[in-house]
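One structure below.
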C-alpha cells in the first residue's frame, strides 16, 4: 500500500480491543450475522438459478446409500440451522436498532435487558422453526 | 504540536445511505416472515414443493421483492463494513464495487430464474 492512497482518517478500532459486555456483543454479532446472511442469500439465489435451469438435476434427484450421503445431509441441516439462527438474530436485533433510530430504548438497563431478550428470542424462535420443520418433514 | 488531519471531502451521500438502509430493513420484516413460513412448508417435501412453489403469483412476487430488498440492504451493509476496516482507498473502492457487482449479477440472475419458474415451471 502506497502512502498516497492511504486515507488519513483513522480506521474503526479492531474488535480485539474491546472488553466483552452485552451491548458490544450484540453489536458485533449483528455485523457478523449480517455478513453471513449476505453470502447466504447470494448462495441461495444461485441455487435457485441452478435449480431453475435443471443444471445437474440428475445428480440432485439421485440419492445413494453411501455413508457420506448421510454426512452431507447432516452438514446441510447444521448449515440451515446456523443460517436460520443468524436470520432470527439479525431480525430481532434489527428491530432493536430501528427502535433506537426513533429514539427509544436508550436507557442503560433497557438496552441491556433488550440485548438479552434478543438473544433469548432468537434461540427460542430457531428451536421452534427447526422443530416445526422437523415435525412436518419426519412425522 | 497537533498535526492537522486532512479530511476527505464529503460525498453528501451519507444521509441517503442511512435512510435507504432503514427503509430496506423495514421492507424486509414481512418478507423474512414469508421466507421462514415458506421454508417450513418447502422442507416437508422439496421434490414436490420446489417446482410448483413459484407458480403461485404471491410467492413469485414475494421472492423477487425479497431478493431485491435483501441484496440491496446487504450491499449497503457490506459497504459500511468495508469502509470501516479497509484503509487503502484503492482496495476499498475495489471491494465496494465487487460487492455491488456480486449483488447486481445475483439479483438479475435470480429474478430471471423466478420469472422463468413462474411462467414455464
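Chains as they are written, first to last, in our numbering: chain A, 946 to 1084; chain B, 2 to 122.
Backbone N, C-alpha and C define an ideal beta-carbon position, used for all residues, glycine too.
On a predicted model such as this, the values are computed, not experimentally measured, just so you know.
Checking 8 Å against the spacing of the C-beta atoms, do residue 41 of chain B and residue 1078 of chain A come in under that value?
yes
Residue 1045 of chain A to residue 1051 of chain A, Cα distance in whole Å?
7 Å
Find out if the Cβ-Cβ distance for the pair residue 1031 of chain A, residue 971 of chain A is shorter than 8 Å.
Taking 8 Å as the Cβ cut-off, residue 1031 of chain A and residue 971 of chain A do not qualify as a contacting pair.
Taking 8 Å as the threshold (beta carbon to beta carbon), is residue 63 of chain B in contact with chain A?
Output row for residue 63 of chain B: interface = no.
Are the C-beta atoms of residue 98 of chain B and some chain A residue less than 8 Å apart?
Not closer than 8 Å to any Cβ of chain A, the Cβ of residue 98 of chain B fails to qualify, so no.
Does residue 1065 of chain A come within less than 8 Å of chain B when only Cβ atoms are used?
no
Relative to the C-alpha of residue 122 of chain B, which candidate in B:31, B:61, B:37 has its C-alpha closest?
When each option's Cα is compared against that of residue 122 of chain B, the closest is B:61.
What is the rounded straight-line gap between the Cα of residue 67 of chain B and the Cα of residue 34 of chain B?
Roughly 11 Å between the two C-alpha positions.
Going by other Cβ atoms of all chains shown within 10 Å of its Cβ, with 16 needed for buried, is residue 1036 of chain A buried or exposed?
buried
Quick one: Cα of residue 1023 of chain A to Cα of residue 85 of chain B, how far?
31 Å
According to DSSP, which residues form a beta bridge with residue 951 of chain A?
In the DSSP output, where bridge partners are listed per residue, residue 951 of chain A has B:89.
Leaving aside the five residues before and after residue 959 of chain A along the sequence, list all residues of the same chain whose C-beta is less than 7 Å from its C-beta, in chain order.
none
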